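Trainee: Taken in order, the sequence shown gives residues 1132 to 1347; the numbers are from the working numbering.
From the three backbone atoms N, C-alpha and C, an ideal C-beta is built for every residue, glycine too.
The structure displayed is predicted, hence computed values, not measured ones.
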Amino acid sequence: MDPKKWIDINTESFQYSLDHFVIPDHYEDALSSVLIPHGVIMDRVEKLAKLIVQESTGPLVVCCVLKGGHQFFADLVNYIKKNVTRGGKTVPLSLEFIKVKSYSNETSGDVKLSLTEEECKEFSGKNILIVEDIIDTGKTMVQLLSKLKKYSPESVKVASLLVKKTPLSNGYIPDYVGFAIPNAFVVGYALDYNEYFRDLDHICVINEHGKEKYAT
Ligand code: 5GP
1132 MDPKKWIDIN
1142 TESFQYSLDH
1152 FVIPDHYEDA
1162 LSSVLIPHGV
1172 IMDRVEKLAK
1182 LIVQESTGPL
1192 VVCCVLKGGH
1202 QFFADLVNYI
1212 KKNVTRGGKT
1222 VPLSLEFIKV
1232 KSYSNETSGD
1242 VKLSLTEEEC
1252 KEFSGKNILI
1262 VEDIIDTGKT
1272 MVQLLSKLKK
1282 YSPESVKVAS
1292 LLVKKTPLSN
1302 GYIPDYVGFA
1312 IPNAFVVGYA
1322 LDYNEYFRDL
1332 DHICVINEHG
1342 KEKYAT
């Protein structure tokens, strides 16, 4: 992966002790470390928004992949609104939401998308920016892109806050990436483990006790 296009987080040097950050009491025993503090996430999202606006050629349909992408989407849209293109113009935005469910506990299952035929037809001729929380194997995004491309959008780009460095990757790399992370299960900043941890601001690594405590 190209280290110039994202921040490469390497396990040994980038894990912070939980003691150095404010962690909700109800999650403290379920986490092993802070991987990306909230402030660093926000600074990186600000930069991604700037790049997106500089490279945009017209109105954007910003498409949130629910539920894990919602926090990244909200912060990214806020920063996009504050930026102007190289030509000094603001970018008109419309917002769309897609629900995708692919995981139970930690295992990848079948990908289910919530788009109806009518909703998909709305994408025709538009510039779409898909906003996703994390690319793991890449399976979900490849399926989503192939579905959307059938509806003739003008362009489709993908922004993912995280890309996991996993041997199971299908090689898919998004257009905009915040951080490349180690092959661990992460939670927080709207990323969940069986619906828990969305209410945690930092991106953290869940521990074995947490996986047992919050298993379905
Ligand atoms: P993929 O299809 O790329 O394997 O998986 C993408 C989806 O899996 C993401 O949208 C996310 O919902 C889920 N996922 C993959 N890895 C993680 C992880 O480390 N933490 C969380 N919370 N979800 C993950």
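#1: Hey, how far is the Cα of residue 1312 from the Cα of residue 1301?
#2: Where do the ends of the alpha helix (DSSP H) carrying residue 1215 lie?
#3: Once DSSP output is grouped into helix, strand and coil, what is the label at residue 1236?
#4: Enumerated in chain order, which unbroken segments of the alpha helix (DSSP H) with a length of 4 residues or greater are wholly contained in the region 1221-1300?
#5: What does DSSP give as the partner residue(s) for residue 1180 in the beta ladder?
#6: Below 7 Å, is the gap between the Cβ of residue 1262 and the nearest heavy atom of the ligand 5GP?
#7: Could you compute how far the alpha carbon of residue 1253 sits from the alpha carbon of residue 1281?
#8: The beta strand (DSSP E) with residue 1309 in it runs from where to where?
Mentor: For this structure:
#1: Those two C-alpha atoms are separated by around 16 Å.
#2: Note, residue 1215: premise wrong, no alpha helix (DSSP H); not H, not E.
#3: Since pLDDT at residue 1236 reaches only 48, below the 50 mark, its modelled position is unreliable, and no value is offered.
#4: With a minimum length of 4 residues, the continuous alpha helix (DSSP H) runs that stay inside the region 1221-1300 are 1248-1252, 1270-1280.
#5: Bridge partners of residue 1180: none, in fact.
#6: With a cutoff of 7 Å, residue 1262 does not count as near the ligand 5GP, since its C-beta is closer than that to no heavy atom of the ligand.
#7: Roughly 12 Å between the two C-alpha positions.
#8: Residue 1309 -> beta strand (DSSP E) spans 1307-1312.
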